[in-house]
Amino acid sequence: MCFFFSFMPATICVTIGYFVLFAASKADDGIKTFGRMLAIWLFVIAAFILITAAYVTLAGLCPIEDILNTLHSARP
């Protein structure tokens, strides 16, 4: 469940990364290099979010599942 919820921040990071990469391609040399590094860093963060969420989900450490199980078992 945590893996599916991680798609939103990962998508936001990738979208911002592509915007930074596009904006950096129109800039001068110094800003272009900084923009590329920033875009790569955002892509790495997005990948880290997905990998961490996959680990948390597969290891059974996701707190969302516990909350959902509590809500379902509390029904009268």
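Residues in the sequence shown are numbered consecutively from -10, following this note's numbering.
In this text, a Cβ means the ideal position worked out from N, Cα and C, and glycines have one as well.
Proximal residues to residue i (C-beta, below 8 Å), its chain only, five neighbours per side dropped
| i | result |
| --- | --- |
| Phe32 | Cys2, Val3 and Gly6 |
| Ile68 | Lying before the first or after the last residue shown, residue 68 is absent from the chain, which here runs from -10 to 65. |
Distance between beta carbons of residue j and residue i, contact taken as under 8 Å
| i | j | result |
| --- | --- | --- |
| Ala28 | Leu10 | 4 Å |
| Ile24 | Ala13 | According to the sequence provided, residue 24 is Gly. The question's Ile does not apply to it. Contact holds; Cβ gap of about 2 Å. |
Unbroken alpha helix (DSSP H) run spanning residue i, endpoints
| i | result |
| --- | --- |
| Met26 | Asp18 to Ala48 |
| Ser14 | Phe(-4) to Ser14 |
7 Å Cβ shell around residue i - same chain, five flanking residues per side excluded
| i | result |
| --- | --- |
| Thr46 | Met(-10), Cys(-9) and Phe(-8) |
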